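Quick note: the sequence shown uses my numbering, first residue 1, plus one each step. Glycine included, every Cβ here is placed at the ideal spot set by N, Cα and C. These figures come from a predicted structure and were not determined experimentally.
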Amino acid sequence: MNPETLNAVQTIIERFGFPIFVALCGLLLFAAVFRYMTRALEKKDADFLAYVEKRDQQIDEIIEKHNQALRENTDAINRMRQSIEARISIENDSLGTVNGRLENKKTGLTPAA
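The following block contains the structure:
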């Protein structure tokens, strides 16, 4: 410590007494610790915010991949459904033609060309 600081400390102790000097030192120590902790927490909050943003982005990417797979699967299911419906329609048409021929044979009618 330099002589000016020592003279200032001596003056404070002489004016206010030693207990007040100790209280002021405690208050200054508390202020320094509080300031340090505040800055440390701000840095920790900023780091945590960056981590959360990164995780949010990863989660959004995963959700988008799942949504894309769901859309592709839905499209495939719809195409299969249409294919099955087309087959059923063709089979029904074929059965209708066969049933018509059978009825014509029973009644003796011939289909018109």
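{"Item": "Same chain only: Cβ atoms within 6 Å of P3, ignoring 5 sequence neighbours per side", "Value": "none"}
{"Item": "For I77 and V52, the rounded distance between their alpha carbons", "Value": "37 Å"}
{"Item": "For N67, three-class secondary structure by DSSP", "Value": "helix"}
{"Item": "Length of the line joining the Cα atoms of A113 and E85", "Value": "Residue placement at A113 is poorly supported in this model, since its pLDDT is 46, which falls under 50; the coordinates still yield a value, given next. Approximately 28 Å, taken between the alpha carbons."}
{"Item": "C-alpha gap between L6 and R55, whole angstroms", "Value": "54 Å"}
{"Item": "Alpha carbon of P19 to alpha carbon of A32, nearest angstrom", "Value": "20 Å"}
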